[in-house]
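Have a look at the structure below, then the notes.
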Amino acid sequence: MEGIQKEHERLLKKSNLSKPISTIDRVLTLLTAARSQIAEDPSSSTVVLESLNRQLTPAISTLNDDQKDVYTALGKYGKALDKRFKASAALSSSEYDALAAQSNLINRAIAMHLIREGNFDVASTFIREAEEKGEHIAVSDSLTSDFGELYEILDAMKIRRDLEPAINWARRKSTELDTRGSNLEFELCRLKYIWLFMGEGKGVVGDQRAFFYARKELVGFQGKYLPEVQRLIAAFAYLPGIMQSPYSKLFINLESMWVDASRSFTKEFCSLLGLSAESPLYIAVTAGAIALPTLLKMASIMKEKKTEWSTVHELPVEIPLPPRYQFHSIFVCPVSKEQTTEANPPMMLPCGHVIAQESLQRLGKGGSSITLKCPYCPKECTAAQAKRVYL
Numbered sequence: 003m004e005g006i007q008k009e010h011e012r013l014l015k016k017s018n019l020s021k022p023i024s025t026i027d028r029v030l031t032l033l034t035a036a037r038s039q040i041a042e043d044p045s046s047s048t049v050v051l052e053s054l055n056r057q058l059t060p061a062i063s064t065l066n067d068d069q070k071d072v073y074t075a076l077g078k079y080g081k082a083l084d085k086r087f088k089a090s091a092a093l094s095s096s097e098y099d100a101l102a103a104q105s106n107l108i109n110r111a112i113a114m115h116l117i118r119e120g121n122f123d124v125a126s127t128f129i130r131e132a133e134e135k136g137e138h139i140a141v142s143d144s145l146t147s148d149f150g151e152l153y154e155i156l157d158a159m160k161i162r163r164d165l166e167p168a169i170n171w172a173r174r175k176s177t178e179l180d181t182r183g184s185n186l187e188f189e190l191c192r193l194k195y196i197w198l199f200m201g202e203g204k205g206v207v208g209d210q211r212a213f214f215y216a217r218k219e220l221v222g223f224q225g226k227y228l229p230e231v232q233r234l235i236a237a238f239a240y241l242p243g244i245m246q247s248p249y250s251k252l253f254i255n256l257e258s259m260w261v262d263a264s265r266s267f268t269k270e271f272c273s274l275l276g277l278s279a280e281s282p283l284y285i286a287v288t289a290g291a292i293a294l295p296t297l298l299k300m301a302s303i304m305k306e307k308k309t310e311w312s313t314v315h316e317l318p319v320e321i322p323l324p325p326r327y328q329f330h331s332i333f334v335c336p337v338s339k340e341q342t343t344e345a346n347p348p349m350m351l352p353c354g355h356v357i358a359q360e361s362l363q364r365l366g367k368g369g370s371s372i373t374l375k376c377p378y379c380p381k382e383c384t385a386a387q388a389k390r391v392y393l
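Numbering (our numbering), first residue to last: 3 to 393.
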């Protein structure tokens with residue numbers, strides 16, 4: 003990947019289009035002026051065009067020279083990509099594509115991604131053009147307005163450092179958030195207090211507005227978050243040396259607090275819509291990019307050994323993914339050392355030990371009423387007494 007990174011950095015350096023754009027603007031100005039002169043005096047068209055030609059020739063030559071570096075860098079970058087991923091054709095066949103016949107699902111994922119990213123005009127155009135081709139994309143009309151509200155609130159938080167729209171939304175949705183066990187409203191109010199306490203980032207620590215805000219807004223959280231509220235209020239007792247006090251951890255990394263609050267708000271907002279915090283398309287593409295080198299290597303090995311991919315619902319090799327891309331708990335049977343599936347679910351014995359269903363059936367091969375011994379303790383039971391575990 004070093005070669006690709008090197009060419010990418012070179013492309014970024016060479017892709018400065020300010021000079022070509024400036025030249026194009028100058029050419030447009032010359033053309034506009036020439037047109038105006040000819041419109042005022044048609045008899046002067048020959049002279050004006052000759053003059054225009056003399057001025058345009060060096061300008062166009064300069065434009066070509068300015069773009070040459072960009073085209074050269076772009077060409078080298080493309081060659082580096084082709085060289086690195088030359089085996090990509092091995093996986094381009096629809097033989098390995100489980101979604102080859104599900105274009106409607108792919109289009110819906112794209113439309114949902116565009117809406118979630120705030121590209122509402124692009125999403126609308128994409129949906130319209132898909133429907134013109136006879137493909138219906140099942141996306142709720144209210145989804146655009148919902149995410150429009152989300153981005154308005156996030157803009158207020160990130161750009162203007164205004165938490166009021168987010169707090170008001172959390173209060174309107176307090177019943178649903180409480181049902182989920184969410185503490186979003188308190189997190190936002192706490193950040194508002196800290197932001198005021200730190201002088202709204204202006205260096206004036208201990209702003210009295212924070213004290214009055216706490217008396218007005220944080221009082222309602224005492225029943226559930228009393229220790230936290232007490233620590234926030236007690237910080238006033240350590241002014242002006244708050245950063246040397248026991249409560250200093252509450253006020254450091256203010257910028258990261260804003261980032262965390264934005265993420266928490268996005269997560270809760272999406273959860274109430276029945277959606278994940280991140281775009282499924284983004285997650286799928288990112289996970290696929292991580293897995294691609296391993297899959298390409300696997301494809302080349304299969305080609306050399308003239309073997310085929312025999313599994314349909316699982317990969318032939320394990321693909322390690324970062325923790326943020328692991329959404330479901332898994333269980334590996336301690337007896338068979340195999341991962342459980344829907345067809346072979348985990349089963350808990352009366353003693354509390356869990357094994358796979360197939361392992362349980364092998365232990366009790368005489369039938370569900372035959373007494374068997376737990377492979378990890380002296381307790382005995384029958385297969386019928388085991389209960390399925392849902393992860």
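Built from N, CA and C at the ideal position, the CB exists for glycine as well. All of these numbers come straight from a predicted model, not from anything done at the bench.
Host alpha helix (DSSP H) of residue i (start-end)
i       : result
Leu-152 : 143 to 160
Lys-218 : 210 to 219
Met-300 : 282 to 307
Lys-194 : 186 to 199
Pro-22  : 20 to 42
Lys-226 : 224 to 236
Leu-374 : Taken as a continuous stretch (DSSP letters only), Leu-374 belongs to no alpha helix (DSSP H), being part of the beta strand (DSSP E) at 373 to 375.
First and last residue of the uninterrupted beta strand (DSSP E) at residue i
i       : result
Ile-357 : 356 to 358
Glu-382 : 382 to 384
Leu-252 : Premise fails: Leu-252 is in no beta strand (DSSP E) and is neither H nor E.
Backbone secondary structure at residue i - three-state DSSP
i       : result
Arg-265 : helix
Gln-341 : strand
Lys-175 : coil
Val-334 : strand
Cys-272 : helix
Glu-137 : coil
Pro-242 : coil
Lys-204 : coil
Lys-389 : strand
Pro-325 : helix
Pro-347 : coil
Pro-60  : helix
Ser-278 : coil
Val-49  : helix
Nearest-angstrom beta carbon gap, residue j and residue i [assumed within contact, 8 Å]
i       : j       : result
Ser-281 : His-115 : 5 Å
Leu-13  : Ala-75  : 4 Å
Ile-332 : Thr-296 : No, Ile-332 and Thr-296 are not in contact; Cβ-Cβ is about 19 Å, not under 8 Å.
Leu-198 : Arg-211 : 5 Å
Thr-25  : Asp-71  : Not a contact, Cβ separation roughly 14 Å.
Leu-374 : Ala-386 : Actually they do not touch by this definition, with Cβ atoms about 11 Å apart.
Leu-83  : Ile-6   : 6 Å
Tyr-378 : His-355 : 5 Å
Val-403 : Ala-36  : Residue 403 cannot be examined here, being either before or after the span of the chain that is shown, 3 to 393.
Lys-175 : Leu-274 : 6 Å
Exposure of residue i, with buried meaning 16 or more beta-carbon neighbours within 10 Å
i       : result
Tyr-79  : buried
Pro-348 : buried
Arg-162 : exposed
Met-189 : In the sequence as presented, Met is not what sits at residue 189; that position holds Glu. Answer is buried; the Cβ neighbour count reaches 16.
Phe-214 : exposed
Asn-109 : buried
For the structure I just gave you, are there three or more beta carbon pairs, one from the stretch 146 to 154 and one from the stretch 219 to 238, closer than 8 Å? In this structure the stretch 146 to 154 does not lie against the stretch 219 to 238, because fewer than three pairs of beta carbons, one per stretch, are closer than 8 Å.
Quick test of the definition: if touching needs 3 or more C-beta pairs under 8 Å, does the stretch 281 to 293 touch the stretch 220 to 232? Between the stretch 281 to 293 and the stretch 220 to 232 there are fewer than three inter-stretch CB-CB distances shorter than 8 Å, so the stretches are not counted as touching.
Under 8 Å, with one C-beta from each stretch per pair, do the stretch 115 to 135 and the stretch 158 to 168 reach the 3-pair mark? Three or more Cβ pairs closer than 8 Å define a contact, and the stretch 115 to 135 falls short of that threshold against the stretch 158 to 168.
Any 3 or more C-beta pairs closer than 8 Å across the stretch 179 to 197 and the stretch 259 to 278: Taking a cut-off of 8 Å for Cβ pairs, the stretch 179 to 197 and the stretch 259 to 278 touch, as three or more such pairs fall below it.
Determine, using beta-carbon pairs with one atom in the stretch 106 to 126 and one in the stretch 244 to 255, whether at least three such pairs fall under 8 Å. Below 8 Å, too few C-beta pairs join the stretch 106 to 126 and the stretch 244 to 255 to call them touching: fewer than three.
Any chance the stretch 359 to 366 sits against the stretch 331 to 346, with 3 or more Cβ pairs inside 8 Å? Touching, yes, given that three or more Cβ pairs across the two stretches are closer than 8 Å.
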